[in-house]
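Notes for the one structure printed next.
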Amino acid sequence: MRGSISVNHKDITRSVPEKRGISIVYQDQMLFPHLTVKDNIAFGLRAAKCAKQEIGRRITEISELLRIDHLLQRRPTTLSGGEKQKVALARALVTEPAVLLLDEPLSALDPHTRETMQQELAEIHRQLDVTIIHVTHDFEEAVALGDRVAVLNQGEIAQVGTPQDVLRHPASAFVADFALSRNVFTANAEHVSEGYASADIGGLTLMVATDIRGPVHLTVRPEDILLSLEPLHSSARNAFQGTVSEILERGSVLYVTVTVPPDFVCLITSHAREELGLQEGVRVWLHFKATAIHAF
Amino acid sequence: MRGSISVNHKDITRSVPEKRGISIVYQDQMLFPHLTVKDNIAFGLRAAKCAKQEIGRRITEISELLRIDHLLQRRPTTLSGGEKQKVALARALVTEPAVLLLDEPLSALDPHTRETMQQELAEIHRQLDVTIIHVTHDFEEAVALGDRVAVLNQGEIAQVGTPQDVLRHPASAFVADFALSRNVFTANAEHVSEGYASADIGGLTLMVATDIRGPVHLTVRPEDILLSLEPLHSSARNAFQGTVSEILERGSVLYVTVTVPPDFVCLITSHAREELGLQEGVRVWLHFKATAIHAF
Amino acid sequence: MRRTRTWVRFNTFGFVFLILALAMLVFILTPIIKTCFSSSPGTIWKTLLDDDVYLSILMTAFCGLLATMVGLVLGVPLAYLLARHDFCGKRLLESLIDVPIVIPHSAAGIALLFVFGKQQIFGQFFYEIGLRFVDTMAGVVVAMMFVSVPFLIDSTRDGFKSVDVRLEKVARSLGASPWRTFWRVSLPLTWRSVVSGSIMMWARAISEFGAILILAYHVPFFGEHPAVAPVLIFERFNNFGLDAARPIAVLVIVISLIAFVALRMLTNKEEGT
Amino acid sequence: MRRTRTWVRFNTFGFVFLILALAMLVFILTPIIKTCFSSSPGTIWKTLLDDDVYLSILMTAFCGLLATMVGLVLGVPLAYLLARHDFCGKRLLESLIDVPIVIPHSAAGIALLFVFGKQQIFGQFFYEIGLRFVDTMAGVVVAMMFVSVPFLIDSTRDGFKSVDVRLEKVARSLGASPWRTFWRVSLPLTWRSVVSGSIMMWARAISEFGAILILAYHVPFFGEHPAVAPVLIFERFNNFGLDAARPIAVLVIVISLIAFVALRMLTNKEEGT
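Chains as they are written, first to last, in the working numbering: chain A, 1 to 296; chain B, 1 to 296; chain C, 1 to 273; chain D, 1 to 273.
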């Protein structure tokens, strides 16, 4: 393997690790087990010979941002998975690295903690001016958090681009298979009533069963979207009319892309296609339930 | 803790393990790493001082039943997770134990292998006359494989009964929460065309997108079922009329039980309930797609 | 490319550590290597043909083997029980088992004399069945075993500990008796630890000097009265000086070095597969 | 209930193993315990006040400490490099480092004489800077270090191996230099292995007899010429018989036993937390 790595136009391929300006957060956190949370976070600052007051100030700052100020005196072994991951993030961020390298940071967490941490990461990225390289196997996570997404296949980059690029214009069959089976949207969730929110995605207002407010990512599984030629009076809270723009056969099922806009991908059987007479250009109605939308 | 354990009316509480007639299969298989697959399977027979020919015959029999005859000369470390689990099963079954104790045998396998193994286990249970105690966290697995299901809560049995009993008449809120969110059916899948099957569940014929033929278990997630007052002309291949028999509020969503028969549980929002005017006794239409049914 | 990287990463830290580590290596290896090459092969061969030397080495190796075998019969069960059972005071007991490694060797000899002497508990008991220890091969074996058996016990115990107890439970549930389970499952999976512990025990046994000097100086062996090799070396050195002791020392070092390194490499190799 | 179960499961296998294990325990523990209680506290106290004995024990402990300290400075870097780097012949090297444990102690003494003698490579080199080894405390320290340092190296190497190298990588990526990483991360996490290796090394050092007998018999120490304790015991035994050697043997065994068991229990205890 050959190549070089540059950070801020400086070749760091042969620099010693402590001069590279890259902080790592591993999947299993790698907190120093013999130090308290506070000393873990202070490690990089002490190595940089910061003044004591400066260290205290920056620890307070970062631990408030990540809401871990109540954990400072604890030992890493007493923390939960999500707490450990936040401490590892704090430890890496407090040194103000040029690049933050996250190696599958959320894959070891339980689903609920993972969703919360995704929001925290998005929040951190908004608030701090740091380049984050986030390695993940979770395509939705990549799309939700990334400004640019690189899809790797067997050690080679299959596609680089914005999440929407990758989702809507996959460069190869590999990327397509990876991306096609998802409907992912970014929106702002607004309060409707306890347990419900409305979310605007490019002119379309979705009804979502969630308690999250503010910026969210929404996904609908293609098999959860019902297609019909007429509008239906049903328990589905979301109904929109659109035009079939693409039909892809995948074995015995079909992926139908319907442009409302935006595009929705629906999974239907070939029987259903015949009965509805679906083909490109046909106008159809989409229906999906508020509970079928996953918000994070 | 006090108590006693009996197998075939014989108290074995104080028996040594080798006299109990109970074979164990662990989640991580515990194959003997220093023996070949064949010697692993032969272990129990040799301990019982079986004749050499008898041992050979029975190994051939069980390895053909489990389709592992091509693996006999391999070492356990070279096997995949599913293969290991089959060898562990063969090793336990070949001694013809009175009871086979499976300790979460499928939880370490990937989803695809897990489904195949579920079918294998069902097949084994049909063919061999052995009592199987199957410990699992997967409720669908328990319902799919069990003749009788015992739900344990904090070390105490919360309910014992047939899967249908537990599903339809949960004895406590704990069991209800555990069981209510599922629609599980047993059926015979018959060929319709490539990739599709029809399945008869108590008089109702479902259209399923699957390649499996013969006895299957089918599940439909409650959030994938659409309710309406009128029949819909849509891409949903399954549409049935039924009567709302029960409505349960769980936070901001509702679980609606519709008796067709059989009973289907549907997850809807309270908005949808209001709009459709749902209450017990109302006649409604159920719609769900052939691709939304999970078959195993 | 990997090599280049290593060089790029080279720094004061690596340099200082390398220097210190090399100093330690030179300190350990120079005496061994220099001694090995200080006598010509001819001299060593002639030394080996010396009846005293020949018999001494043979007896040392043989007694070491005997000690190791007795150690295996009694030590493996102890190691197994220590690995599988927890009881109050177990940690203290494990520390006490290691004590023979650390008490002065001459003190160990005196301690053994206290129980294996003719008038003492073990001595008297074994005297009844015709076994004497002072200045006999039995004494040599006992002294060797006392100072070296902790190596075998520790290694074997760690081996048994690393075998998942559920493998034994599976074997039992398949109808195997405790004996069958031990011979067919526990022991085969611990084999490597048992072998490397035995090598260590044997090597340590044939190196013992202090305890043997006190318990069994010269012992009857095939009609002669040789001393064990470490004692023989000391005798030659004391009576005739360094030059007389050298060839025997070389011979003994070469033999134990080859046996030890070869066996160690052999067992380590198996680890790879 | 647990106790009952253990009894129910009791069988021939457990019985035979228990008998064999107990035989081994009796064999190891009886000499130690019997020796400890064979002299009255009064006699031992009187022995301790004997100038020869007093100085000898003091010198032994002191030389053991010196050897351990030098061993730490040179051995820890070696252990670290062995744990962190792979190279061709590493396994052979690791075997060679353990060789001092297994070569006969008197042969080890002769091997050391071959490099630390006045005319020999190290001997000559150090002679220039005024350091002599034959019959000096430096010789005692060198002999002790040679036979005992492998214990420290092995234990420390295993300790470093058990520290995830990614912890060091994280420290480096946070801006810590290699030195800072070693002192603040690697060493604190290996501390227990280093301490228990040091205890083992010290205990083994003060027990050495054969190599010291050859390299440094009686050495100058505070105006006197004491021998190390193991040698003193042998001298008394040789010149005045068992009864004269006994109280010193008891004293030395008790001291090393207490030091060893206490320190071992202390480090094991930390393991629990």
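Every residue gets a Cβ at the ideal spot worked out from N, C-alpha and C, and that includes glycine.
Check                                                                                                                                                                                     : Outcome
Closest to C/Val70 by C-alpha separation, out of C/Ile153, C/Leu112, C/Trp45, would be which residue?                                                                                     : C/Ile153
Which whole-angstrom value is the C-beta distance of D/Val252 and D/Val140, which I expect to be below 8 Å?                                                                               : Contact flag wrong, Cβ pair sits at about 15 Å.
With three or more C-beta pairs closer than 8 Å as the rule, is the stretch 100-118 of chain D touching the stretch 8-26 of chain D?                                                      : no
Assign D/Gln119 to one of three DSSP states: helix, strand, or coil.                                                                                                                      : coil
To the nearest angstrom, report how far apart C/Leu266 and C/Ser193 are at their CA atoms.                                                                                                : 12 Å
Give the DSSP-derived three-state secondary structure of B/Ile22 in the structure shown.                                                                                                  : strand
Here's the rule I'm using: 16 or more other beta-carbon atoms within 10 Å means buried, otherwise exposed. How should B/Asn183 be labelled?                                               : buried
Please work out which residues of its chain come closer than 8 Å, Cβ to Cβ, to A/Tyr196, disregarding the five sequence neighbours upstream and downstream, and give them in chain order. : Met207, Val208, Ala209, Thr210, Ala290
Please name the residue, chosen from A/Ala88, A/Gly161, A/Ser107, that lies closest to D/Leu174 on a Cα-to-Cα basis.                                                                      : A/Ala88
What does a CB cutoff of less than 6 Å around B/Lys86 pick up in its chain, not counting 5 residues either side in sequence?                                                              : Leu66, Ile68
Report the three-state DSSP secondary structure of A/Thr257 (helix, strand or coil).                                                                                                      : strand
For a contact defined as C-beta to C-beta under 7 Å, what are the partners of B/Ala236 on chain A?                                                                                        : Leu226
Specify the secondary structure class of A/Val265 as computed by DSSP and reduced to three states.                                                                                        : strand
Which chain B residues are close to A/Val253, counting only those with a beta carbon under 8 Å from its beta carbon?                                                                      : Gly195, Ala209, Thr291
Based on the DSSP output, what are the partners of B/Asn153 in its beta bridges?                                                                                                          : B/Glu156
Does the separation of the CB atoms of B/Val135 and B/Val99 fall below 9 Å?                                                                                                               : no
With DSSP run on the structure shown, which of helix, strand or coil describes B/Ser172?                                                                                                  : coil
Does DSSP put B/Phe32 in a helix, a strand or coil?                                                                                                                                       : coil
Skipping 5 residues on each side, what residues in its chain have a beta carbon closer than 8 Å to that of C/Phe116?                                                                      : Phe122, Gly123, Phe126, Phe133, Val134, Gly139, Val142, Leu215
Whole-angstrom Cβ separation of D/Pro229 and D/Ser56, contact assumed at under 8 Å?                                                                                                       : According to the sequence displayed, residue 229 of chain D carries Ala and not Pro. Sure, about 5 Å apart at Cβ, within 8 Å.
Are the stretch 50-66 of chain D and the stretch 279-294 of chain B in contact at 8 Å, needing three or more beta carbon pairs?                                                           : no
Taking 6 Å as the limit between beta carbons, can you name the residues of its chain near A/Glu280, skipping five residues before and five after?                                         : Val244
Taking Cβ-Cβ distances below 7 Å as the criterion, which residues of the stretch 140-165 of chain C are in contact with chain B?                                                          : Asp164
Check whether the Cβ atoms of D/Pro150 and D/Pro100 lie closer than 9 Å to each other.                                                                                                    : yes
May I ask which residues mark the beginning and end of the alpha helix (DSSP H) holding B/Ile201?                                                                                         : Looking at the DSSP string, B/Ile201 is not in any alpha helix (DSSP H); the run it does join, the beta strand (DSSP E), is 196-201.
Say whether chain B places a C-beta atom closer than 9 Å to the C-beta of A/His137.                                                                                                       : no
Among D/Arg91, D/Ala79, D/Trp183, whose alpha-carbon lies nearest the alpha-carbon of D/Thr156?                                                                                           : D/Ala79
Is it true that the CB of D/Cys36 sits closer than 9 Å to the CB of D/Val250?                                                                                                             : yes
Write down the C-beta distance between B/Glu54 and C/Ser177 rounded to the nearest angstrom, noting that I regard them as a contact closer than 8 Å.                                      : With 8 Å as the limit, B/Glu54 and C/Ser177 do not qualify as a contact, their Cβ atoms being about 20 Å apart.
Taking just the CA atoms, how far does B/Thr162 sit from B/Leu35?                                                                                                                         : 40 Å
Just tell me which of A/Tyr26, A/Lys38, A/Gly44 has its CA closest to the CA of A/Gly81.                                                                                                  : A/Tyr26
Compare the beta carbon distance of B/His287 and B/Ile247 with 9 Å and say whether it is the shorter of the two.                                                                          : no
With C-beta atoms as the reference, is B/Pro76 less than 9 Å away from B/Gln29?                                                                                                           : yes
Within 9 Å (strictly less), CB to CB, does C/Trp45 reach chain D?                                                                                                                         : no
Note down, one range per segment and in chain order, each alpha helix (DSSP H) of at least 4 residues found wholly within the stretch 194-229 of chain D.                                 : 210-215
For the beta strand (DSSP E) that contains A/Trp285, what are its first and last residues?                                                                                                : 283-288
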